[in-house]
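Below: the structure, in structure tokens.
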Amino acid sequence: MSAQSALSTLINKYSLSKTLRFELIPIGKTKESIDRKGLLSQDVKRAQSYKEVKKIIDEYHKEFIEKSL
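Be aware that the sequence shown starts at 66, since it is given in the numbering used here, and climbs by one per residue.
Here you go:
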């Protein structure tokens, strides 16, 4: 069996999924509005708060499960 025929048995046997990624870049009044309202800094603060709160909630769930068993 040649190398080409061995490979041809594998070609088009499985579907291929591709993910497209797009970046939304605000311009004009949209960018001005985001800057004026400080939305990006709010998102950074929210992300940090989430990390802190998640630790607390995870510990609570752990204790709750242990008490339930």
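Just so it is clear, CB atoms sit at the ideal spot from N, CA and C, and this is done for glycine as well.
Grab the span of the alpha helix (DSSP H) containing arginine 137 for me, first residue to last. Any question about residue 137 goes unanswered here, given that the chain covers just 66 to 134.
Name the two residues that bound the continuous alpha helix (DSSP H) containing serine 73. 68-73
Classify arginine 101 as helix, strand or coil using the three-state DSSP reduction. helix
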